[in-house]
Each structure stands twice: as structure tokens, then as C-alpha cells.
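If you read the protein sequences in the order shown, they are chains A and V.
FYI, this note's numbering numbers position 144 of the first sequence as 860, with every residue one higher than the one before it.
FYI, this note's numbering numbers position 59 of the second sequence as 83, with every residue one higher than the one before it.
Even glycine gets a Cβ: it sits at the ideal position worked out from N, Cα and C.
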Amino acid sequence: MNDKVKIYLLDVFFGWYLAITFHRVFYYHVLLSTDSPDFTWNLMLPYVGVAIIFSVMCLLTGASLGKKIISSTQKGTWQNEFAINIAWILILMTFVTSWVVTKVNIIQMFDHERLNAAGRLFSSLLQPNWNILQKAIMAMIETIYLAFLSTAIALPVSFLLGFLSARNLMKGNPISFALYNILRIITNFTRSIEPLVWAVIFTVWVSSGPFPGMLALMIHTIASLAKQYSEQIEDIDAGPMEAIEATGARPIQVIWFAVVPQIVIPFLSFTIYRWDINVRMATIIGLVGGGGIGSMLIQYQMLSQWNEVGLIVLIIALVVWLMDYLSAKIREALR
Amino acid sequence: MEKLVHISNLQKIYPNGTHALKGVSLDIYKGEFLSIIGLSGSGKSTLLRCINRLHEPTSGTIEFSGKDVTHISGSELRQYRKSIGMIFQHFNLIKRMSVMDNVLSGHLGSIGTFASLVGKFPGSVKEKALNNLDIVGIREKADLRADALSGGQQQRVAIARTLMQNPELLLADEPVASLDPATSHSVMKYLEIMNKQHGCTVVCNLHFLSLVRQYSTRVIALRAGEIVYEGKPQDITEEWFKSIYGEDAVEVEIE
Ligand SMILES: Nc1ncnc2c1ncn2[C@@H]1O[C@H](COP(=O)(O)OP(=O)(O)OP(=O)(O)O)[C@@H](O)[C@H]1O
Ligand SMILES: [Mg+2]
């Protein structure tokens, strides 16, 4: 695309953004303190009109933020100053809009009644109900094992995928390179979906409980580990591969003797760290019905039994801290 | 003299367009110690890697013991590589493995895949590995991790590794370029032993003319992918030296 066209389109976008935020957010919410009227596509027309006028003005005067971004404006001119001010206004309006959209309400936060409620909550959290200790420990164990199983099942799959999506091993011939590209797309897509979302999908699929939680973590772990593994493989020293190849070894022997020894330690360390992450994730996933300590937490929370919630939070904090400490120690020892 | 390798009009163009070899024709004779000299980037490494087919030649032919090996593939290619040893400037050992396992890896071309993956090398092979470590004088280091050794010792492990192949030809790509002068001689001495006692033909990329004169029986010089000199090491005159390395070059001695 031509630079002039890019500049113009950018200015149209800035003009439109300013018009819509000034009118719908600043005018209605800040000045009038009401809600803005319901959105209809027809409402867009005047904003676009303003945007076009704005961008034409920018084009004619040369006072254009688009121009400053794409090419440049000369320092010290009023056009340059103007473009900088527009940028500041854009940032400011984005902040105001975020504030309005998030429904920030500081006054309510420090309201007398609310403060009392929060006080009651925190004091009961600090007085955990030890009667459910055994039940909570069992749920925590379920979570840890769930995390372990998801990591353990994912491990061999990621291991294989790691090799198949390592550029340096796959770029050799067109078929393997095509496979590499396909696998990259699939794992990138899978990884971009959060485990929480996978958990929702699997709870619909196989009903709620630890099993769908395990599946959700497993899917995400496969994609994440495959990525980390393949990056590690791409990073290895090619020299030993060349040397082993030169002895007349088969490709699988080259991988086993020249690639694997270079990657086992980093692989182990990634895997342990992933288990650690998965224990935390398993807790969160429990909140949407993935079983274990998370599910228990959300049940007591819905019944407003804060002393029980207090105990569960305590156990989670303890285990997460312990896992974190242990996995860091193990990874250090492996180095 | 009997020809071991016959290379004719060898061209190598890398995928990025670099024309590394521009029609190299060369005969390598059985039992000789051939040195290849030339500036950095002149194509020395490329030539060696084309010979054992780590790199695919773009055109031209390579014959080994009278057999065309330019386009062989699969097990035929592996069989061919097995008869050619190679050592490298950076040794290319597997750092995390023991010296012994590194030496054993030279036997990979002659052992079943499964047996090699589970590390089941026959006793006789292990004996041979120890024996090879003896030849290069570091048998007592067999159980150490390869990266615990000094540079010179690592290169000797690499030599022991290629000895496992009983190679007919040894390709050495600047084998002493990352070693100090004294260590350089100890490594070159083992190449000489392979050449003289094991009857292995040696092709060696070198940077120091003093080493070339001392160890090799013949020398070729590459410049920008072409052979510009071929002859006896003693015959490299000042004039030739300047034409190979450029007008401003001064010879550095290594003792
Ligand atoms: N894998 C590769 N891909 C692309 N170009 C390469 C590759 N390997 C080498 N080249 C290029 O080919 C030319 C010859 O390189 P080569 O490594 O054979 O030179 P050399 O004589 O061994 O040099 P040195 O003394 O630095 O080792 C150089 O221009 C180099 O940049
Ligand atoms: Mg080189």
C-alpha cells in the first residue's frame, strides 16, 4: 500500500476514534453522567462524517499524526506539535473509556457498609474452619494428581511433536517441511486458547469433574511443551549432528546420539515447571467445574461459608508455595 | 599412484546463492597426505563436505574407488560415509556423554539401530574403542565427560572416534585451528600416525604453512572456489603465497 493511503487511513481511524469516544463516553458518561444511547449501526454515520472531515483537515494542513507515524513531520513546526497533542488526547480518551467501561466505583469501595462486609469476610478468612481439613486435603491431592496425570500424558506427545515442529530437523525435504508448518499452526492455535476455556469446552463434552479438567490441562500442556521443546531443539549445536551423520549413522541414530543428549536437561526442567504451573491451573480450572480443590472452593464461596473458604485458600497457598519452591530446587539441581 | 577419489568439475551453489565451488577438479591418491590451503571463505570446508556428501554438490561428479558417489542415497550413502572419517575444528563431540560413548558413536554405521539406541555395543567393539583411546594416549579418561577434557584431548577423542570406522579416507577440517601450537603438533602427530601406520589417506584443511610443509605430501590452494595452486609443499614460493593469500599477506610460523 502506498504511504499516502496509509497515512490517510490512519487519520480517518484517529478521527473516528476521537469522535466516538468524545461523544459516547465523554459527553454522556462524564458530562451528563448518564448511559449513552443504545448502539445502532446508523449512529456510525455521523462519526464517520466527522472522521472524514478531520482526516481531510489533517491532509490539507500537514498536521497529521498518521504522517508522523508513517513517515515523519519536521520538529519544531506547529504541525508536529499538533500531531503530538493528538496522540496524547488519544491516550487520555482511551484511559477515560477504560475507566467508564470497567465501571470503576471508588466511592462505593470505601462505603461504610461495604467496608464492614469486607471486614467480616477477611476476619472469617483468618479464622479457617479446621473441621473440613481432611476433605480439603483430599481435594487438594486430587488436584495435584490431576495436574500430574495431565502433564504425564502430555509428555510423550509433546516430545514427538517437539521434534516434528523443530525447523532445523524438518526443513530438509518438502514433505517434512509441510508437516512442520501444519503442526506449527495447530499447536499455536491450541496454545492460544486458555486452559480455562478448554475446561469449559470439556465440561460440556464429558460433564463436570476432574476428568474434563485433566483433559483441558493436557491439551494446553501438549501445545505449550511442544513449543518449548521445539525451540530448544532449534537451539542446539549442529556440530555433533554433522559429526554423527559423517560416521554413516541413520537419521534416528543422529537424533538419539547428537540431539537428545543436548536437550534432556532443558526438557526435564521445562516439564517440571509445567507440572508446577498445572497444579496452579488445576485449581483455577476447578472453579469452572474441573474438580478438585477449585470446585470445592467455588461451592463454599457460593454458600458464603467464608471460614471454609479461608481454610481452602490457606491450603492452596501452602501447596502452591511448596510446589514453586520444590520445582525451583529441582530445576537448579538439574542445571 | 592409485586414485582413491576423482573429482571432476565440482560446483556448489548454496540455496542462498553463494557460489562456493566453481568447477573444482581434483584427484586424491591412496596413502597421500593432502593439505588444502586458502583464505577464509575460499571453499575448503565446502569441498570436504561435498566429498562425504554432508553437502549436496550442485553439479560435477565425485568418484570414490572408481565408483560414482555423486548421487547415491539411503543405505548406500551411509555405507560410503562409513568408509570416510571426519574431524572438525570444534571437535563436535557430544559434550554430555562420556569419552567412551563418544568413541563408540563412531561405530554407529555398523550396528543395528535398536542395539545402538539401547547402548548395547558388543564387547569386541568396546575393546576396540579402548584400544583406540590407547592409540591417542587418553585411555585413562574413558569414563570422564567429554567436556571435562582440554581442547587437544577432545580432538584426540574425535580421532579415536573416526578410528572406529577404519576409514580409508580421513577428512580433517582445520583440526588444529582452535588449539595452541604445542597441542597442534600433538594432534597433527596422530593424523600422521593414521596416515602412515593405518594406511589412511588424509585430506586436511590447514591455515599454517609450517604445518603444511611438515606433515603433508602434497598441497592444493583454493581461492574463491577455484584451485589456484597444486604442488609439493616445499615448492610454495613467496610469489605463490602472495597469490593465494593476497599481496599484503605475511607468513606466520608455528613451531
Ligand atoms: N551452509 C551454507 N549456506 C550458505 N553459504 C555457505 C554455507 N556454508 C558456507 N557458505 C559460504 O560458502 C563460501 C565458502 O565457505 P567455506 O566454509 O567452504 O569456506 P572455508 O574456506 O572453509 O572458510 P574458513 O576458513 O572460514 O572455514 C563462503 O562464502 C561461505 O559464506
Ligand atoms: Mg571452513
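Neighbour flag for residue i against chain V, beta carbons, 8 angstroms
i, result
"proline 872(A)", "no"
"glutamate 950(A)", "no"
"glutamate 958(A)", "yes"
"alanine 735(A)", "no"
"arginine 966(A)", "yes"
"threonine 756(A)", "no"
"phenylalanine 973(A)", "yes"
"proline 977(A)", "yes"
"glutamine 969(A)", "yes"
"glycine 1002(A)", "no"
"glycine 955(A)", "yes"
N- and C-terminal bounds of the beta strand (DSSP E) containing residue i
i, result
"glutamine 35(V)", "27-37"
"tyrosine 253(V)", "250-255"
"leucine 246(V)", "242-247"
"glycine 109(V)", "108-111"
Cβ of residue i within 8 angstroms of any chain A Cβ
i, result
"asparagine 229(V)", "no"
"lysine 54(V)", "no"
"serine 129(V)", "yes"
"methionine 121(V)", "yes"
"asparagine 76(V)", "yes"
"histidine 222(V)", "no"
"leucine 117(V)", "yes"
"methionine 124(V)", "no"
"histidine 114(V)", "yes"
"methionine 110(V)", "yes"
"glutamine 238(V)", "no"
"glutamine 35(V)", "no"
Terminal residues of the alpha helix (DSSP H) in which residue i lies
i, result
"serine 208(V)", "205-221"
"leucine 78(V)", "Looking at the DSSP string, leucine 78(V) is not in any alpha helix (DSSP H), and its letter there is neither H nor E."
"phenylalanine 145(V)", "Where phenylalanine 145(V) is concerned, there is no enclosing alpha helix (DSSP H), given that its DSSP letter is neither H nor E."
"glycine 136(V)", "Glycine 136(V) -> no alpha helix (DSSP H), and no H or E assigned at all."
"alanine 833(A)", "828-841"
"asparagine 126(V)", "123-128"
"alanine 698(A)", "Summary: the structure shown does not reach residue 698(A), with chain A confined to residues 717 through 1051, and so no result is reported for it."
"glycine 1010(A)", "1008-1018"
"proline 977(A)", "976-1001"
"glutamate 1024(A)", "1022-1050"
"glycine 765(A)", "760-777"
"valine 913(A)", "911-922"
"asparagine 904(A)", "890-908"
"methionine 809(A)", "794-817"
"valine 1004(A)", "Counting along the chain, valine 1004(A) falls outside any alpha helix (DSSP H), and DSSP gives it neither H nor E."
"arginine 163(V)", "Note, arginine 163(V): premise wrong, no alpha helix (DSSP H); not H, not E."
"tryptophan 264(V)", "262-269"
In DSSP terms, what residue i is bridged to
i, result
"aspartate 51(V)", "His30(V)"
"histidine 43(V)", "Ile37(V)"
"asparagine 229(V)", "Ile60(V), Asp197(V)"
"glutamate 87(V)", "His30(V), Asp92(V)"
"arginine 740(A)", "The partner list for arginine 740(A) (beta bridge, DSSP) is empty, contrary to what the question assumes."
"arginine 169(V)", "Ser122(V)"
Chain D contact for residue i (CB, 8 angstroms cutoff)
i, result
"alanine 962(A)", "The chain labelled as chain D is not found among the protein chains of the depicted structure, namely A and V."
task: Report the residues of the region 921-950 of chain A with a CB closer than 9 angstroms to any CB of chain V, ordered along the chain.
output: Answer in chain order: no residues at all.
For the region 78-105 of chain V, list every residue whose C-beta sits within 9 angstroms of some C-beta in chain A, in sequence order. Cβ contacts with chain A: Leu78, Ser99, Leu101, Arg102, Gln103, Tyr104, Arg105.
- Task: Using a Cβ-Cβ cut-off of less than 7 angstroms, list which residues of the region 156-179 of chain V approach chain A; keep chain order.
- Result: Result list empty, no residue passes.
For ligand 2, which residues count as neighbours when the test is a C-beta closer than 7 angstroms to any heavy atom?
-> Proximity to ligand 2 was defined by a C-beta distance below 7 angstroms to any of its heavy atoms, and the residues meeting it, in sequence along the chain, are Lys68(V), Ser69(V), Asp197(V), Glu198(V), Asn229(V).
Contact list for the region 133-148 of chain V against chain A, Cβ threshold 7 angstroms
Contacts with chain A (Cβ-Cβ distance below 7 angstroms) from the region 133-148 of chain V involve Gly133, Thr137, Ser140, Leu141, listed in chain order.
Which of the residues in the region 870-897 of chain A, read from start to end, lie with their CB under 7 angstroms from any CB of chain V?
-> Those would be none; no residue qualifies.
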